[in-house]
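Participant:
So this is what it looks like as structure tokens:
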């Protein structure tokens, strides 16, 4: 009950501070741009190949454009997740507004879970809405169908929830500024690790691959995107790309393994438990 | 802004302190260290139900830390604290308390009414109770008609008032007020004093954390003076202040012979021109002293018993001077 009160209060705050309005407006602008760019480029390719149609090439091109759009969605949702939750606890401590709230018959675990529920919910919904919209645009313009849109969207949502949880954990013991710097560094590190792993695979360099995997386990956000990206490819594009090797630096050539998904889910649980335990012991 | 006549208003408190036994507040050997710095050492105090209790001390004495331990914001390093017999680590101990934090900062993106509604929900009030009670408390703290404004646009004084409303919202049996009038003007302070008297009349226990001694002297039944993390004196205000008495004597001329006479009955504390201040054990010594002065041939202009003020006692205690 208290958890829901806190979650509702958190969503109320996001609405009142116009965070959600700003997010929605920016996202609509992004989707508009994506639709324009997609139809323009796809139209050009259609025109150029009108004399000698090449369905394989068209499939790869459509998949590339769609994945680029979804990649941008994944960035947008990661930033949304981080910006929302980076001061989830620390900001409230700094402002002093938390004192009167926690003097109520409220357990600290309820407060943490309420904040988490709201931010994870907002971020998850955001991912679902944005990636569905991007996929819909690709479908309307190029007749594009993802191999498994649902799995892709779920994995992408998990990535956003994971970032929310990680930064919520950080905000229970770091200041908002320190947490922001840490979270964006970790996010960047995960992204870089993905690139290193991709290059390592291209060069067949074990050390680079292992380094990439290690960082992906430490911060699985980028690895989750790559897992999702596999399912976002169309079956036609997969065939054309002769699956097994990533061709795009931001996409995966193989589906994620079950242990990795379990690790990511366990990671969320671990961070959430950490947040609850640290905050329960903290003096305010 | 002045609250209307109190008699017309509904009661502040439910008036049925929870059925659990035990004093309103009880701390035993409370200690708190922050990274090796001792803030509280062996702080023990008891506040009986229905008392208006003044918690006094210089800045940094540990007053706010004590209050924060009582409301569960800070965990003591050692010792225990109970509210109405329940350990403060139990959230249920906070069900019947209201708390105004020292810095009275609230979610300023909310309106006053929204803040009260949110706190009312956390305090376990039903939607109907909240709807009925919120206008009442707004009126009580002098914010009638301002509840729909954002707290961001409130003045400091208004923010402190909404904080008080938040503390009194659910008719608590115990209110802990940490410097409740720091942002108020003299009129506002007086209103809050009246409010505290009214709370006492309704049987609500008030724990007042303050360094405004005059304010404490006006409303509190009992006080504890804390210095460097320990209680250095506590008890009923009347007993503490009435314990020793001074007499201020003005005569036509002060010389050694007069002082020698006076020393037979009292301790000479100060001489200022033709005025002598002496300390006596009992006020009953005054007639004998007057008689001795007159018999020795001095002209006695005045002999005034001076009660020690709380400020005198406070200064002497926290500076380690004679008591």
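Protein chains in written order, with the numbering used here: chain L, 1 to 284; chain R, 1 to 323.
Don't be surprised by glycine CBs; every beta carbon is placed ideally from N, CA and C.
This structure is a prediction, so every number in the text was calculated from the model and none was measured.
Could you give the first and the last residue of the continuous alpha helix (DSSP H) run that contains residue 71/L?
Facilitator: Per DSSP, residue 71/L belongs to the alpha helix (DSSP H) from 55-85.
Participant: Just list the alpha helix (DSSP H) runs in the segment 184-220 of chain L, keeping only unbroken ones of 4 residues or longer that don't cross its boundaries, in chain order.
Facilitator: Those alpha helix (DSSP H) runs which fall completely within the segment 184-220 of chain L and span 4+ residues are 206-218.
Participant: Between the alpha carbons of residue 162/L and residue 221/R, how many angstroms are there, rounded?
Facilitator: Distance between the alpha carbons of residue 162/L and residue 221/R is about 55 Å.
Participant: Would a C-beta distance cut-off of 7 Å place residue 100/L and residue 101/R closer than the cut-off?
Facilitator: Taking 7 Å as the Cβ cut-off, residue 100/L and residue 101/R qualify as a contacting pair.
Participant: Select from the segment 75-98 of chain L all residues with a C-beta closer than 7 Å to any C-beta belonging to chain R, and list them in chain order.
Facilitator: The residues in question are 95, 96 and 97.
Participant: Interface residues of chain R around residue 115/L at Cβ under 7 Å?
Facilitator: Result: empty, since nearest Cβ-Cβ is about 13 Å, beyond 7 Å.
Participant: Counting only beta-carbon atoms, is residue 307/R nearer than 7 Å to chain L?
Facilitator: Residue 307/R does not count as touching chain L.
Participant: Report the rounded CA-to-CA distance for residue 173/R versus residue 125/R, giving the unit in angstroms.
Facilitator: C-alpha separation (whole angstroms): 15 Å.
Participant: Using the beta-carbon count (16 or more within 10 Å), is residue 256/L buried or exposed?
Facilitator: Buried is the call here.
Participant: Quick one: any contact between the segment 82-99 of chain R and the segment 253-271 of chain R, if contact means 3 or more CB pairs under 8 Å?
Facilitator: Counting Cβ pairs under 8 Å, fewer than three are found: no touch.
Participant: Quick one: any contact between the segment 222-234 of chain L and the segment 149-158 of chain L, if contact means 3 or more CB pairs under 8 Å?
Facilitator: Taking 8 Å as the limit for Cβ pairs, the verdict is that the segment 149-158 of chain L does touch the segment 222-234 of chain L.
Participant: For residue 42/L, does the three-state DSSP call read helix, strand or coil?
Facilitator: Helix at residue 42/L.
Participant: Is any beta-carbon of chain L found at less than 7 Å from that of residue 13/R?
Facilitator: Only weak support is given to the placement of residue 13/R: the predicted model assigns it a pLDDT of 49, under 50, and the question is left unresolved by the model.
Participant: Over what stretch of residues does the alpha helix (DSSP H) that includes residue 139/R continue unbroken?
Facilitator: Where residue 139/R is concerned, the enclosing alpha helix (DSSP H) stretches over 127-140.
Participant: What is the DSSP secondary structure of residue 40/R, counted as helix, strand or coil?
Facilitator: Strand, per DSSP.
Participant: Taking C-alpha atoms, which residue in 50/R, 38/R, 35/R and 34/R lies nearest to residue 25/R?
Facilitator: With distances taken between Cα atoms, residue 25/R lies closest to 50/R.
Participant: Does residue 16/R come within less than 7 Å of chain L when only Cβ atoms are used?
Facilitator: Low per-residue confidence applies at residue 16/R: pLDDT is 47, beneath 50, and the placement is therefore not dependable, though the value from the model is reported in the following sentence. Chain L contact via Cβ: absent.
Participant: Starting from the Cα of residue 41/L, find the closest Cα among 72/L, 87/L and 66/L and give me that residue.
Facilitator: Checked all of 72/L, 87/L and 66/L; the closest Cα to residue 41/L is 66/L.
Participant: Taking only the alpha-carbon atoms, compute the straight-line gap between residue 210/R and residue 304/R and give it to the nearest angstrom.
Facilitator: Cα to Cα, residue 210/R sits roughly 31 Å from residue 304/R.
Participant: Could you tell me if residue 2/L is buried or exposed, where buried requires 16 or more neighbouring beta carbons within 10 angstroms of its beta carbon?
Facilitator: Buried: at least 16 other Cβ atoms inside 10 Å.
Participant: Determine which residues of the segment 158-169 of chain R have a Cβ less than 9 Å from any Cβ of chain L, and write them out in chain order.
Facilitator: Result list: 163, 166 and 167.
Participant: For the putative contact between residue 5/L and residue 115/L, defined by C-beta atoms under 8 Å, what is the C-beta separation to the nearest angstrom?
Facilitator: Incorrect: roughly 11 Å between the Cβ atoms, too far for contact.
Participant: Comparing C-alpha positions only, which one of 69/L, 54/L, 220/L and 284/L sits nearest to residue 138/L?
Facilitator: Comparing Cα positions, the closest option is 69/L.
Participant: Would you mind telling me which residues of chain L sit closer than 7 Å to residue 91/R, beta carbon to beta carbon, in chain order?
Facilitator: What residue 91/R touches in chain L: 105, 106 and 107.
Participant: Buried or exposed, going by whether 16 or more other CB atoms sit within 10 Å of the CB of residue 160/R?
Facilitator: So residue 160/R ends up on the buried side.
Participant: If you draw a straight line from the alpha carbon of residue 263/L to that of residue 90/R, how long is it in whole angstroms?
Facilitator: If you take the alpha carbons of residue 263/L and residue 90/R, they lie about 35 Å apart.
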